[in-house]
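Listed in order, the protein sequences are those of chains W and E.
Taking my numbering, I'd label the letters of the first sequence as residues 58 to 336.
Taking my numbering, I'd label the letters of the second sequence as residues 814 to 1126.
Every residue, glycine too, gets a C-beta built ideally from N, C-alpha and C.
Given the structure is predicted, the values throughout are model-derived calculations rather than measurements.
Worksheet for the structure shown next.
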Amino acid sequence: MKTKHLRAIGLLVVTGLFVIAWAFPILWSVLNSLKNERDVLAYPPKFFFEPTFAAYRDVIFGPQSILPNLWSSFVISAGTTVLTMLIAIPAAYALARLRVPGSRWAGFYVLATQMLPPVGIIIPYFLILRNIGWMDTYQGIILIYLSFSLPFAIWLMVSYFEDIPFEMEEAAAVDGASRLTTLRRIILPQVQGGIAVTVVFVFLNAWNEFLFAVVLSGNTVRPVTIAMFNFVSVEQTLWTQLAAVSVLAMLPVVILGIIAQKHIVKGLTVGAVKGGGRR
Amino acid sequence: MTLAYSDAAQSGAAFSPPATGHVDVMAKRERRFAVALLAPAFVALGATTTFPLLYLIWTSTFRMDLAMPFMDGFVGFENYTQLLADPRFWQTLSVSMIYTVTTVIAQVALGLALALLVMNMKRGQGLFRFIAILPVVLSPAVVGMVWRSFMLTPEFGVIDYLSISAGLGSQNWLGDPFLALVSVIVIHTWQWTPFAFMVLLASLASLPDDIYEAARIDRAGPWQRFWRITLPLLRPAIVMVVIMRTMVALTAFAAIFTVTGGGPGTATEILNLYAYRKSFTELSMGYGSALAVALLIVTILISAVLFLIRRAK
Chain W
58 MKTKHLRAIG LLVVTGLFVI AWAFPILWSV LNSLKNERDV LAYPPKFFFE PTFAAYRDVI
118 FGPQSILPNL WSSFVISAGT TVLTMLIAIP AAYALARLRV PGSRWAGFYV LATQMLPPVG
178 IIIPYFLILR NIGWMDTYQG IILIYLSFSL PFAIWLMVSY FEDIPFEMEE AAAVDGASRL
238 TTLRRIILPQ VQGGIAVTVV FVFLNAWNEF LFAVVLSGNT VRPVTIAMFN FVSVEQTLWT
298 QLAAVSVLAM LPVVILGIIA QKHIVKGLTV GAVKGGGRR
Chain E
814 MTLAYSDAAQ SGAAFSPPAT GHVDVMAKRE RRFAVALLAP AFVALGATTT FPLLYLIWTS
874 TFRMDLAMPF MDGFVGFENY TQLLADPRFW QTLSVSMIYT VTTVIAQVAL GLALALLVMN
934 MKRGQGLFRF IAILPVVLSP AVVGMVWRSF MLTPEFGVID YLSISAGLGS QNWLGDPFLA
994 LVSVIVIHTW QWTPFAFMVL LASLASLPDD IYEAARIDRA GPWQRFWRIT LPLLRPAIVM
1054 VVIMRTMVAL TAFAAIFTVT GGGPGTATEI LNLYAYRKSF TELSMGYGSA LAVALLIVTI
1114 LISAVLFLIR RAK
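Okay, structure coming up:
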């Protein structure tokens, strides 16, 4: 009986430590974003303090407002998501359902495109965009985001299309519906949930992308992951503002992550080679 | 479910749907329909992945220096011979290997240990899963910034505070070559262990109970059950996690870039970061391209080995 209790306590301590280790850096950013500068720099670190929203006021309404950057991140992520889904849904349906020669190779090709190191794609892409004057533009960034969002979305959607029973399409075909009508009226309503999950993941990956953004963004289009560097310089770091910006950058993806909670393992392992553009 | 799906996908089985009894007349129409549905995706993927890849290989045979454009010209394999003689290439390649091997092993070992711990937990498993989601969905750039600023800064960073409290004194976590490498490894492990944890937990939950019952009846101890039953049954999932995490670790970028920028010196500079620095900081696009091609070759070689291990059962 006693060893059982000891083991239970040990288990609690170990798991508790891990919960703290994982949650702490995030919690700490939130706490720091609510402190004033003196409390952030306090030694030993302060857990109890008078909270203030001054940092949020600064980074939202101040001269270095992060709002344009949050907007940039949103436009890039939303644009990537819409374009990706428009292309990925038909392709995934074809790969999952249509019996045509070469579809196996087509699937393999989609999978293989995920293996390319992003740093390899960005060098030629940078040279091309510079020539056609698309540096620092939404269309330039959104287009290259397709390189990682499209294979991911296609594979995730394939897995959802495969869950639909074949009989439904056959019944529709027997009733004389064309394939396109069947796809629109019968199939798509069935994969609504899958589409929603894919949208969440594609948006999340685009929001978190960094390498492409760092090379292609400038003064016009500057996502929040790049703009946070404004608060860190060699001379000084604006600690509370940096914390506030970090929290604002985390917020959308944490909310999406919580929404997609049940589907996260499927989303992470789809394609089984690589999980999108976040590296 | 997920794991089973991925296995099928890997072997290509996902692309041979069961016979539906279509007649030949239908086949042609179906083919045209499929082409129409696939065409946009293939155009987009061709333009954003395959074409840049070919262009990359082409630029890697040029001297292309944005800082000194008058020197530009075709050089054949010169970038590659230069690369093989470049000590910094070999240095960054070895940093890449150290980074990849240590983070992957740490993620799998910790993730598996945690999954086993939480597996039979009756209460609180939900909280655990919830917490695990957070690091995985965060941007590595933001994660890197938070660690660099609020965890590792000497004197008021929390890690440094713990180190001082433990009597180890204040450390220059990101200024010391060895500690900087350890730091970026720890950060990567922190962010991605929950990934291994979630996948392995899902896989553990899908293992059949009756085998364990039988083992218990045969009086197999907990260690025996782990080594003889759990580990072999989890093998496909573990190999899959190893493959996925290796691919990502090899081309990790954002967190190292924000935390150390590859420094101090080149202590945390992985091959990926070197290719970036050469191309976009030193503006030697040609040589940077050759480095990127080298990274691609390394990635292909390593994944080929891992896939072979996966096949061998």
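### Message
At a CB distance below 7 Å, what residues from the segment 959 to 977 of chain E approach chain W? Give them in sequence order.
### Response
The segment 959 to 977 of chain E vs chain W, Cβ under 7 Å: 959, 960, 962, 963, 964, 968, 969, 971 and 974.
#### Entry: Cross-chain neighbours of residue 1134 of chain E in chain W, by beta carbon under 8 Å
Outside the modelled stretch of chain E, which goes from 814 to 1126, sits residue 1134 of chain E, for which no answer is possible.
#### Entry: residue 104 of chain W burial status per 10 Å Cβ neighbour count (16 or more: buried)
Locating residue 104 of chain W in the first sequence gives position 47, counting from the first residue. So residue 104 of chain W ends up on the exposed side.
### Task
With 8 Å as the C-beta to C-beta threshold (strictly closer), list the residues of the segment 72 to 105 of chain W near chain E in chain order.
Listed in sequence order: 72, 75, 76, 78, 79, 80, 81, 82, 83, 85, 86, 89, 97, 98, 99, 100, 101 and 102.
### Query
Per DSSP, what kind of secondary structure is residue 65 of chain W in: helix, strand or coil?
By one-based count along the first sequence, residue 65 of chain W stands at place 8. DSSP, read as helix, strand or coil, puts residue 65 of chain W in helix.
### Task
Please look up how many angstroms separate the CB atoms of residue 193 of chain W and residue 276 of chain W, rounded, as I've assumed it's under 8 Å.
For the purposes of this step, residue 193 of chain W is taken as residue 136 along the first sequence, with counting starting at 1. For the purposes of this step, residue 276 of chain W is taken as residue 219 along the first sequence, with counting starting at 1. At roughly 7 Å, the Cβ-Cβ gap stays under 8 Å, so residue 193 of chain W and residue 276 of chain W are in contact.
### Task
Identify whether residue 1073 of chain E lies in helix, strand or coil by the three-state DSSP scheme.
Taking the second sequence and counting its residues from 1, one reaches residue 1073 of chain E at position 260. Here residue 1073 of chain E sits in coil by DSSP.
### Query
Is residue 927 of chain E near the ligand GTP, in the sense that its beta carbon is under 7 Å from a heavy atom of that ligand?
The model on display carries no ligand, and the ligand GTP is accordingly not part of it.
#### Entry: Every unbroken beta strand (DSSP E) inside the segment 174 to 211 of chain W [3 residues or more]
Runs of the beta strand (DSSP E) inside the segment 174 to 211 of chain W: none found.
### Task
Consider the Cβ of residue 1075 of chain E: report whether some Cβ of chain W lies at a distance smaller than 8 Å.
Working through the second sequence from its first residue, we reach residue 1075 of chain E at position 262. It does not; no Cβ of chain W falls within 8 Å.
### Message
Just to confirm the assignment, what range does the alpha helix (DSSP H) spanning residue 323 of chain W have?
### Response
Numbered from its first residue, the first sequence carries residue 323 of chain W at position 266. From DSSP, the alpha helix (DSSP H) with residue 323 of chain W extends over 321 to 326.
### Query
Of the residues that make up the segment 193 to 225 of chain W, which ones have a beta carbon closer than 8 Å to any beta carbon in chain E?
Within the segment 193 to 225 of chain W, the residues whose Cβ lies closer than 8 Å to some Cβ of chain E are 200, 201, 203, 204, 207, 208, 211, 212, 215, 216, 219 and 223, listed in chain order.
### Task
Give a yes or no on whether 8 Å exceeds the smallest Cβ distance from residue 1082 of chain E to chain W.
The residue you call residue 1082 of chain E lines up with position 269 of the second sequence. Chain W, which has no Cβ nearer than 8 Å to the Cβ of residue 1082 of chain E, makes this no.
### Message
In the DSSP output, which residue or residues are listed as bridge partners for residue 251 of chain W?
### Response
Residue mapping note: residue 251 of chain W aligns to position 194 of the first sequence, counting from 1. For residue 251 of chain W, no pairing in a beta bridge is given by DSSP.
### Query
Mind checking residue 217 of chain W: buried by the 16 CB within 10 Å criterion, or exposed?
If you number the first sequence from 1, residue 217 of chain W lands on position 160. By the 10 Å Cβ count, residue 217 of chain W comes out buried.
### Message
With three or more beta-carbon pairs closer than 8 Å as the criterion, would you say the segment 951 to 971 of chain E touches the segment 1062 to 1071 of chain E?
### Response
When C-beta atoms of the segment 951 to 971 of chain E are compared with those of the segment 1062 to 1071 of chain E, three or more pairs fall below 8 Å, so the two segments count as touching.
### Query
In whole angstroms, what is the alpha-carbon distance linking residue 175 of chain W and residue 268 of chain W?
Taking the first sequence and counting its residues from 1, the one referred to as residue 175 of chain W is at position 118. Taking the first sequence and counting its residues from 1, the one referred to as residue 268 of chain W is at position 211. Going by the C-alpha atoms only, they are around 8 Å apart.
### Message
If the criterion is Cβ atoms closer than 8 Å, does the pair residue 874 of chain E and residue 887 of chain E meet it?
### Response
Taking the first residue of the second sequence as 1, we reach residue 874 of chain E at position 61. Taking the first residue of the second sequence as 1, we reach residue 887 of chain E at position 74. Between residue 874 of chain E and residue 887 of chain E, the CB-CB gap stays under 8 Å.
#### Entry: Per-residue DSSP class, three states only, for residue 291 of chain W
Walking along the first sequence from the start, residue 291 of chain W turns up at place 234. Correct three-state label for residue 291 of chain W: coil.
### Task
Establish whether the CB of residue 142 of chain W and some CB of chain E are separated by less than 8 Å.
For this step, residue 142 of chain W is matched to residue 85 along the first sequence. For residue 142 of chain W, the answer is no, since every Cβ of chain E falls outside 8 Å of its Cβ.
#### Entry: Bridge-paired residues (DSSP) for residue 876 of chain E
Locating residue 876 of chain E in the second sequence gives position 63, where the first residue counts as 1. Note: residue 876 of chain E sits in a beta bridge opposite E:886.
### Task
Under 8 Å between beta-carbons, which chain W residues line up against residue 858 of chain E? List them in chain order, please.
Indexing the second sequence from 1 puts residue 858 of chain E at position 45. Neighbours of residue 858 of chain E on chain W, chain order: 166, 167, 170, 203, 204, 207 and 208.
### Task
Please state whether DSSP places residue 1097 of chain E in a helix, a strand or coil.
For the purposes of this step, residue 1097 of chain E is taken as residue 284 along the second sequence, with counting starting at 1. Annotated three-state conformation of residue 1097 of chain E is strand, per DSSP.
### Coil, strand or helix - residue 986 of chain E by DSSP
Within the second sequence, the letter at position 173 stands for residue 986 of chain E. Per DSSP, reduced to three states, the secondary structure at residue 986 of chain E is coil, with no helix or strand assignment.
### Task
Mark residue 265 of chain W as exposed unless 16 or more other C-beta atoms lie within 10 angstroms of its C-beta, in which case mark it buried.
Taking the first sequence and counting its residues from 1, one reaches residue 265 of chain W at position 208. Counting Cβ neighbours within 10 Å, residue 265 of chain W comes out buried, since at least 16 surround it.
### Message
Please classify residue 69 of chain W as buried or exposed, where buried requires at least 16 neighbouring CB atoms within 10 angstroms.
### Response
The residue you call residue 69 of chain W lines up with position 12 of the first sequence. Classification of residue 69 of chain W: exposed, given that the 10 Å Cβ count is below 16.
#### Entry: Three-way DSSP call (helix, strand, coil) for residue 1035 of chain E in this model
On the second sequence, residue 1035 of chain E is found 222 positions in, with the first residue counted as 1. Helix, per DSSP.
### Three-state secondary structure (DSSP) of residue 121 of chain W
Taking the first sequence and counting its residues from 1, one reaches residue 121 of chain W at position 64. In this structure, residue 121 of chain W counts as coil in the three-state DSSP scheme.
### Whole-number beta carbon distance between residue 908 of chain E and residue 1059 of chain E, since they are thought to touch under 8 Å
Looking up residue 1059 of chain E in the second sequence gives position 246. Looking up residue 908 of chain E in the second sequence gives position 95. Contact doesn't hold; Cβ gap of about 15 Å is too wide.
### Task
Return the CA-CA distance between residue 295 of chain W and residue 959 of chain E, expressed in angstroms with no decimal places.
Position 238 of the first sequence, counting from 1, holds the residue named residue 295 of chain W. Position 146 of the second sequence, counting from 1, holds the residue named residue 959 of chain E. Residue 295 of chain W and residue 959 of chain E: Cα-Cα distance of roughly 13 Å.
### Query
Can you find a CB in chain E that lies within less than 8 Å of the CB of residue 294 of chain W?
The count along the first sequence starts at 1 and reaches residue 294 of chain W at position 237. For residue 294 of chain W, a Cβ of chain E is located within less than 8 Å of the residue's own Cβ.
### Task
Below 6 Å CB to CB, which residues in the same chain sit around residue 835 of chain E once its five sequence neighbours on both sides are set aside?
Mapped onto the second sequence, residue 835 of chain E falls at position 22. For residue 835 of chain E, the pLDDT reaches just 49, beneath the cut-off of 50, and the residue's location in the model is therefore unreliable, although a value from the coordinates is still provided. Excluding five sequence positions before and after residue 835 of chain E, none of the CB atoms of its chain fall closer than 6 Å to its own CB.
### Message
Under 8 Å, Cβ to Cβ, is there at least one residue of chain E near residue 64 of chain W?
### Response
Counting from one through the first sequence, the residue named residue 64 of chain W turns up at place 7. With its beta carbon at least 8 Å from every one in chain E, residue 64 of chain W lies outside the interface.
### Task
Taking the CB atoms as reference points, tell me whether residue 252 of chain W and residue 271 of chain W lie closer together than 8 Å.
For the purposes of this step, residue 252 of chain W is taken as the residue at position 195 of the first sequence. For the purposes of this step, residue 271 of chain W is taken as the residue at position 214 of the first sequence. Not a contact, by the Cβ cut-off of 8 Å.
### For residue 1089 of chain E and residue 195 of chain W, the rounded distance between their alpha carbons
Along the first sequence, one-based indexing puts residue 195 of chain W at 138. Along the second sequence, one-based indexing puts residue 1089 of chain E at 276. Computed Cα separation, rounded: 22 Å.
### Message
If we define contact as Cβ-Cβ less than 8 Å, is residue 1109 of chain E a contact residue for chain W?
### Response
In the second sequence, counting from the first residue as 1, residue 1109 of chain E sits at position 296. It does: the Cβ of residue 1109 of chain E has a partner Cβ on chain W nearer than 8 Å.
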